[in-house]
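Engineer: Here it is: the structure, laid out below.
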Amino acid sequence: MDLVVEGRALVRGRLGRWAIGIEDGKIVEIARKVKGDRRIDYGDNLILPGAIDPHVHFRDPGMTQKEDFSTGTLAAAYGGVTTALDMPNTLPPAVTAQELKNKKEVIAQKAWVDYGLFAGCMPGADIEDMAPLAVGFKLFMGSSTGKLLVTSDSDIANIAAQVRRTGKVLSVHAEDEALILNDYEEGLSDHLRNRPARAEVAAIQRLSRLDCRINLCHISSLEGLQATNGRPFTKEITAHHMFLDRSSGARAFAKVNPPLRTPEDRFALFRAFISGRIDMLGSDHAPHTIEDKEQDFESAPSGVPGVETTVPMMLAFIKKGTLPLKVLVRAMAERPSEIFGLNKGRIEEGRDADLMVVDTRTMAPIKINNLHSKCGWSPFEGRDAIFPRAVLVRGNLVVEDGQVVGERVGRDVVVAK
Numbered sequence: 308m309d310l311v312v313e314g315r316a317l318v319r320g321r322l323g324r325w326a327i328g329i330e331d332g333k334i335v336e337i338a339r340k341v342k343g344d345r346r347i348d349y350g351d352n353l354i355l356p357g358a359i360d361p362h363v364h365f366r367d368p369g370m371t372q373k374e375d376f377s378t379g380t381l382a383a384a385y386g387g388v389t390t391a392l393d394m395p396n397t398l399p400p401a402v403t404a405q406e407l408k409n410k411k412e413v414i415a416q417k418a419w420v421d422y423g424l425f426a427g428c429m430p431g432a433d434i435e436d437m438a439p440l441a442v443g444f445k446l447f448m449g450s451s452t453g454k455l456l457v458t459s460d461s462d463i464a465n466i467a468a469q470v471r472r473t474g475k476v477l478s479v480h481a482e483d484e485a486l487i488l489n490d491y492e493e494g495l496s497d498h499l500r501n502r503p504a505r506a507e508v509a510a511i512q513r514l515s516r517l518d519c520r521i522n523l524c525h526i527s528s529l530e531g532l533q534a535t536n537g538r539p540f541t542k543e544i545t546a547h548h549m550f551l552d553r554s555s556g557a558r559a560f561a562k563v564n565p566p567l568r569t570p571e572d573r574f575a576l577f578r579a580f581i582s583g584r585i586d587m588l589g590s591d592h593a594p595h596t597i598e599d600k601e602q603d604f605e606s607a608p609s610g611v612p613g614v615e616t617t618v619p620m621m622l623a624f625i626k627k628g629t630l631p632l633k634v635l636v637r638a639m640a641e642r643p644s645e646i647f648g649l650n651k652g653r654i655e656e657g658r659d660a661d662l663m664v665v666d667t668r669t670m671a672p673i674k675i676n677n678l679h680s681k682c683g684w685s686p687f688e689g690r691d692a693i694f695p696r697a698v699l700v701r702g703n704l705v706v707e708d709g710q711v712v713g714e715r716v717g718r719d720v721v722v723a724k
């Protein structure tokens, strides 16, 4: 055995004292005692499956002044994320097989954690050609960063039919562009008025006509959540839509798409999350520079960073007794692994040895100086968080006790045939 990790591990849905034997990056044995060449005993610390973030924008290639794959995946590791799924709205956008291949070449040696790439869906795109290279497909029904907007019902139906034949997931930014206004904006309330909840609802209703595996990205409203009832979609939610609202200040630093909504909306989303009604916890990590965000509200781009802070903030709610541990693990690891077909997400024999170690006694306010994203800011500064004590990617210790202790071991979860 290459490595044995010991602690209070969540195994088969139960916490207990376990030894986890790791060899060639896989979990090969789980028992009370396991023999191995190297042993790390984390005492009474929690050992959980590493998080799978289904929604990040690492800005590489083309916008690396905001973030790149090295800084983004390092921030992910510090936040307990061992696999990050990156969106296609880069420069150039990943909307062809060749652009996906080019992007893979650019990022291949940069990653600290494992990753997968989404392919962008545009009218006329060769979905079948991109499928062997992509972890999933992304459709923008509402305008956002990049020029990947698709609005026609016929185009959307054609894209969905092609994606269905690949067997992969279509993740959708669900805002109906026809209901998005372009009036002048001076603040968050104006942004909310221009992108009302009914735009989210209308997009969800349009998607219900499609025969395709659909994941709804960043549900942002109570109405949007209610519109999913009885529909076979998987649902993703973000920390910023649960913890921030239109009264959160910070002006353009809190400008996102879909927008921050009312306190009632975010409370409803958080209640849905802690009750286990949300499939996946995603960060929608979308960093911009401080200079970008200091522009007037109208000109400033939408998006906030979150890959490093999302899971730690949720771990704080575990400590406070608000959030059941099993609910968090399901949304941050188990369901993403199932939805995207990854051999990860659980502490089980045969799965990748992606683990995070958590000392629940270390809860403290988030400090900007302790974060690792290139953008250098966070809307969550001052909020309680528990950052993992250690993170292992396929059995490789990457960060421990606030320090980088490993190498860039991240690799693509999709191996093209």
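Residues 308 to 724 in our numbering are what the sequence shown spells out, letter by letter.
Backbone N, C-alpha and C fix where the C-beta goes; we use that ideal spot for every residue, glycine too.
Given the structure is predicted, the values throughout are model-derived calculations rather than measurements.
Taking Gly-369 as the reference, which of Met-429, Phe-604, His-362 and Ala-401 has the closest Cα?
Structural biologist: For the purposes of this step, residue 369 is identified with residue 62 of the sequence shown, where counting begins at 1. It is Ala-401 whose Cα lies nearest to the Cα of Gly-369.
Engineer: Cβ atoms of Ile-354 and Leu-649: under 9 Å apart, would you say?
Structural biologist: Sequence index remark: in the sequence shown, residue 649 carries index 342 (1-based). Sequence index remark: in the sequence shown, residue 354 carries index 47 (1-based). It is not a contact, given that the beta carbons lie outside the stated cut-off.
Engineer: Closest by CA to Lys-542, which one among Leu-588, Lys-626, Asn-352 and Phe-574?
Structural biologist: As a working note, residue 542 is residue 235 in the sequence shown. Comparing Cα-Cα distances from Lys-542 to each of Leu-588, Lys-626, Asn-352 and Phe-574, the minimum goes to Leu-588.
Engineer: Check whether the Cβ atoms of Arg-520 and Val-457 lie closer than 9 Å to each other.
Structural biologist: Numbered from its first residue, the sequence shown carries residue 520 at position 213. Numbered from its first residue, the sequence shown carries residue 457 at position 150. Result no, Cβ atoms of Arg-520 and Val-457 do not sit closer than 9 Å.
Engineer: At a cut of 8 Å, does the region 531 to 546 reach the region 508 to 516 through at least three beta carbon pairs?
Structural biologist: Yes, the region 531 to 546 is in contact with the region 508 to 516.
Engineer: One question on the structure: do Pro-439 and Leu-392 come within less than 9 Å of each other, judged by their Cβ atoms?
Structural biologist: Here the question's residue 439 lines up with position 132 in the sequence shown. Here the question's residue 392 lines up with position 85 in the sequence shown. No.
Engineer: Answer yes or no: do Asn-676 and Gly-709 have a C-beta to C-beta separation smaller than 9 Å?
Structural biologist: Locating residue 676 in the sequence shown gives position 369, counting from the first residue. Locating residue 709 in the sequence shown gives position 402, counting from the first residue. No, these two residues do not count as a Cβ contact at 9 Å.
Engineer: With contact counted as at least three CB pairs below 8 Å, one residue from each stretch, are the region 630 to 645 and the region 678 to 688 in contact?
Structural biologist: no
Engineer: What separation, rounded to the nearest whole angstrom, lies between the Cα atoms of Cys-428 and Ile-466?
Structural biologist: Along the sequence shown, one-based indexing puts residue 428 at 121. Along the sequence shown, one-based indexing puts residue 466 at 159. If I take the Cα positions, the gap works out to 7 Å.
Engineer: Is any beta-carbon of chain D found at less than 9 Å from that of Ala-438?
Structural biologist: Among the protein chains of the structure shown there is no chain D, as only one such chain exists.
Engineer: Can you have a look at Lys-724 and say buried or exposed, based on whether 16 or more other CB atoms are within 10 angstroms of its CB?
Structural biologist: Locating residue 724 in the sequence shown gives position 417, counting from the first residue. The predicted model places Lys-724 with a pLDDT of 41, which falls under 50 and marks its position as unreliable, so this point remains unresolved.
Engineer: Starting from Pro-570 and walking both ways along the alpha helix (DSSP H), at which residues does that stretch end?
Structural biologist: Locating residue 570 in the sequence shown gives position 263, where the first residue counts as 1. Here the alpha helix (DSSP H) through Pro-570 covers 570 to 581.
Engineer: Compare the C-alpha of Met-549 against each of Thr-473, Arg-558 and Thr-617 and name the closest.
Structural biologist: Within the sequence shown, numbered from 1, the residue matching residue 549 stands at position 242. Looking at the Cα atoms, Thr-617 is the closest of the given residues.
Engineer: In this structure, how does DSSP classify Ile-337 when only helix, strand and coil are distinguished?
Structural biologist: Numbered from 1 along the sequence shown, position 30 holds the residue referred to as residue 337. Strand at Ile-337.
Engineer: Between Leu-488 and the ligand FMN, is there a pair consisting of the residue's CB and a ligand heavy atom that are separated by less than 8 Å?
Structural biologist: Absence of the ligand FMN is noted for the structure shown, with no ligands found whatsoever.
Engineer: Is DSSP giving Tyr-491 helix, strand or coil here?
Structural biologist: Taking the sequence shown and counting its residues from 1, one reaches residue 491 at position 184. In this structure, Tyr-491 counts as coil in the three-state DSSP scheme.
Engineer: List the residues that DSSP assigns as beta-bridge partners of Ser-478.
Structural biologist: Here residue 478 corresponds to residue number 171 of the sequence shown, with the count starting at 1. Paired residues: Lys-445 and Asn-522.
Engineer: Are the CB atoms of Gly-387 and Met-663 nearer to each other than 9 Å?
Structural biologist: One-based indexing of the sequence shown puts residue 387 at position 80. One-based indexing of the sequence shown puts residue 663 at position 356. Yes; because the gap between Cβ atoms is below 9 Å, this pair is in contact.
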